[in-house]
């Protein structure tokens, strides 16, 4: 008897053969032969395939139609670490991508029951990388009431936390205007649904206290003391008036703008000053001096008129007194018209001094 037998269910089956011998026309006594047929186990994976993010744990349950089935697997991984051969009824392994590209781990599971080996099945697990999120700028110092633009990249969808002081909490670009120092977190989600994050530290410097102007004689004094000063008369900047004290030459409304060591500035209320003496020294060399635009990005025009022929000197210093620009120039027919390019300087307050014939004028420049 040579026949291929297949069990039809998940339990053992039998095939009973009754054999009757015959010889020379004589029939012998029949015998019976019982063959037990064990089923081949069929493996089932739940889920049959999976997709995870790098750093997550894959969890696949293995079962069979035959009780008592054992499972063994081998694995082939591409651009993935953490997958390994093993056995048992649960595949539980933490997988990581090696690069920022998708990877796969293909498990081949073979079931065995009662010494019968079933057909192998394959389970493919796709592993997606965690997006690398970056933010420009990664950190920032600013003054109270200022605004900074934050731009995230590296993902498809973004969310920002906390929402305090933000123009919006979604999208790759937001504007931040916090009133106190704060750390923002941006979560970026890739098209595969994996989430990466980055943080932005915003340091907020408070504005200087509103300066107070007092008058003694013709001298106006700003209190308290600050790093730099700029005086104004009837809302017009007074060239060279950059000290804590200013001697007035006419009655009217005066204000002072002060800047602290963090580059933050504030302005006083208007002060109605009354001139009690009229002997005021005037600048006889320069007239109609202007800087525009101001504030600027480091490129601006300085123009005016030099009443005497000859050369004049331009010098620009930062708040530490360091010279960042210096040039000796010739006026043309009395006219001054120079385009200045400040290179490799940071944002802040700078002082421009123009000198000629032993006289000078000083101007405050704000670079953003």
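In my numbering, the protein residues as written are 1177 to 1544. Virtual Cβ for every residue (Gly too), placed ideally from N, Cα, C. Computed from a predicted model, the values in this text were never measured in an experiment.
Nearest-angstrom Cα separation, counted from residue 1294 out to residue 1303: A direct Cα-to-Cα measurement between residue 1303 and residue 1294 gives close to 28 Å.
What did DSSP end up calling residue 1514 once you bin it into helix, strand or coil? In the structure shown, residue 1514 sits in a strand (DSSP, three-state: E or B).
Under the rule that 16 or more other beta-carbon atoms within 10 Å means buried, what is residue 1351, buried or exposed? Residue burial annotation: residue 1351 is exposed, with fewer than 16 other C-beta atoms found within 10 angstroms of its C-beta.
Determine the direct distance from the alpha carbon of residue 1344 to that of residue 1363, and round the result to whole angstroms. Using only the alpha carbons, I get a separation of about 14 Å.
For the beta strand (DSSP E) that contains residue 1193, what are its first and last residues? Residue 1193 -> beta strand (DSSP E) spans 1189-1195.
Can you tell me the Cβ-Cβ gap for residue 1479 and residue 1449, rounded? I've got them flagged as a contact below 8 Å. Contact between residue 1479 and residue 1449 is absent: CB atoms are separated by about 29 Å, not below the 8 Å threshold.
Since residue 1358 contacts residue 1340 with CB under 8 Å, what's their CB separation in whole angstroms? With a Cβ gap of about 7 Å, residue 1358 and residue 1340 count as contacting.
Compare the beta carbon distance of residue 1540 and residue 1375 with 9 Å and say whether it is the shorter of the two. Note that the C-beta distance between residue 1540 and residue 1375 is not below 9 Å.
For residue 1269, is the classification buried or exposed, using 16 other Cβ atoms within 10 angstroms of its Cβ as the cut-off for buried? Here residue 1269 is buried. Its C-beta has 16 or more other C-beta atoms within 10 Å.
Answer yes if the region 1522-1530 comes into contact with the region 1486-1501, meaning at least three C-beta pairs across the two stretches below 8 Å, and no otherwise. These segments touch.
Among 1245, 1234 and 1265, nearest to residue 1271 - alpha-carbon criterion: The shortest Cα separation from residue 1271 among 1245, 1234 and 1265 belongs to 1234.
Test item: CB-CB of residue 1239 and residue 1222 under 9 Å: Contact flag set, yes.
Taking Cβ positions, are residue 1447 and residue 1391 nearer each other than 9 Å? Their beta carbons are under 9 Å apart, which means residue 1447 touches residue 1391 by this criterion.
Please specify which runs of the beta strand (DSSP E), each continuous and at least 3 residues long, are wholly inside the region 1349-1397, giving them in chain order. As far as the region 1349-1397 is concerned, its whole beta strand (DSSP E) runs of at least 3 residues are 1349-1352, 1358-1365, 1371-1381 and 1388-1392.
Indicate the three-state DSSP secondary structure (helix, strand or coil) for residue 1445 in the structure shown. Coil, per DSSP.
Please report the straight-line C-alpha distance between residue 1444 and residue 1232, rounded to a whole angstrom. Whole-angstrom Cα-Cα distance: 59 Å.
How is residue 1455 classed by DSSP in three states: helix, strand or coil? Confidence is the limiting factor: at residue 1455 the pLDDT is only 38, short of 50, which leaves the residue's position unreliable, though a coordinate-based value still follows. Here residue 1455 sits in coil by DSSP.
Measure the C-alpha to C-alpha separation of residue 1226 and residue 1253 and round it to an integer number of angstroms. Cα to Cα, residue 1226 sits roughly 14 Å from residue 1253.
Would you mind working out which of 1400, 1437, 1436 and 1395 sits nearest residue 1417, comparing C-alpha positions? Comparing Cα-Cα distances from residue 1417 to each of 1400, 1437, 1436 and 1395, the minimum goes to 1395.
Reducing DSSP to helix, strand and coil, say where residue 1532 ends up. Looking at residue 1532 - three-state DSSP - the assignment turns out to be strand.
Under the assumption that residue 1217 contacts residue 1288 (Cβ atoms under 8 Å), give the Cβ distance between them as a whole number of angstroms. Contact flag correct, Cβ pair sits at about 7 Å.
Drop a sphere of 10 angstroms on the beta-carbon of residue 1457, count the other beta-carbons inside from all chains shown, and report buried for 16 or more, exposed for fewer. Only weak support exists for where residue 1457 lies, its pLDDT of 45 falling under 50; the coordinates are left without a value.
Starting from the Cα of residue 1331, find the closest Cα among 1324, 1485, 1373 and 1393 and give me that residue. Looking at the Cα atoms, 1373 is the closest of the given residues.
Considering Cα atoms alone, identify which of 1318, 1320, 1278 and 1322 is closest to residue 1307. Answer by Cα proximity: 1278.
Give every residue of the same chain whose Cβ lies closer than 6 Å to the Cβ of residue 1455, excluding the five residues on either side of it in the sequence, and list them in chain order. Low local confidence applies: a pLDDT of 38 at residue 1455 is under 50, so the model's placement there is unreliable, with the coordinate-based value given in what follows. Contacts found: none.
Kindly indicate which residue of 1439, 1531 and 1197 has the alpha-carbon position closest to the one of residue 1523. For residue 1523, the closest alpha carbon among the candidates 1439, 1531 and 1197 is that of 1439.
Span separating the alpha-carbon of residue 1173 from that of residue 1467: In this structure the chain extends from 1177 to 1544, so residue 1173 is not present and cannot be described.
Can you tell me the Cα-Cα spacing of residue 1199 and residue 1183, whole angstroms? Straight-line Cα distance between these residues: approximately 35 Å.
Ignore the nearest five residues each way along the sequence and tell me which others in residue 1401's own chain have a CB closer than 8 Å to its CB. Correct list, in chain order: 1420.
Residue burial classification, residue 1229 (beta-carbon count within 10 angstroms, cutoff 16): Label assigned to residue 1229: buried.
I'd like the span of the beta strand (DSSP E) that includes residue 1252, first residue to last. Unbroken beta strand (DSSP E) run through residue 1252: 1246-1254.
From this set, 1314, 1382 and 1305, which residue's C-alpha is nearest residue 1365's C-alpha? When only C-alpha atoms are compared, the closest one is 1305.
Give me whichever residues DSSP pairs with residue 1539 in a beta bridge. BP columns for residue 1539 point to 1528.
Output needed for residue 1300: all residues of its chain with C-beta closer than 7 Å, excluding positions within five of it in sequence on either side, in chain order. The beta carbon of residue 1300 sits closer than 7 Å to the beta carbons of 1225, 1280 and 1282 from its chain, once the five residues preceding and following it are set aside; these are given in chain order.
So is residue 1334 buried or exposed if we call it buried at 16+ other beta carbons inside 10 Å? Buried, since its Cβ has 16 or more Cβ neighbours within 10 Å.
Look at residue 1243 and residue 1213 and say whether their C-beta atoms are less than 9 Å apart. Against a cut-off of 9 Å, the Cβ pair of residue 1213 and residue 1243 comes out as no contact.
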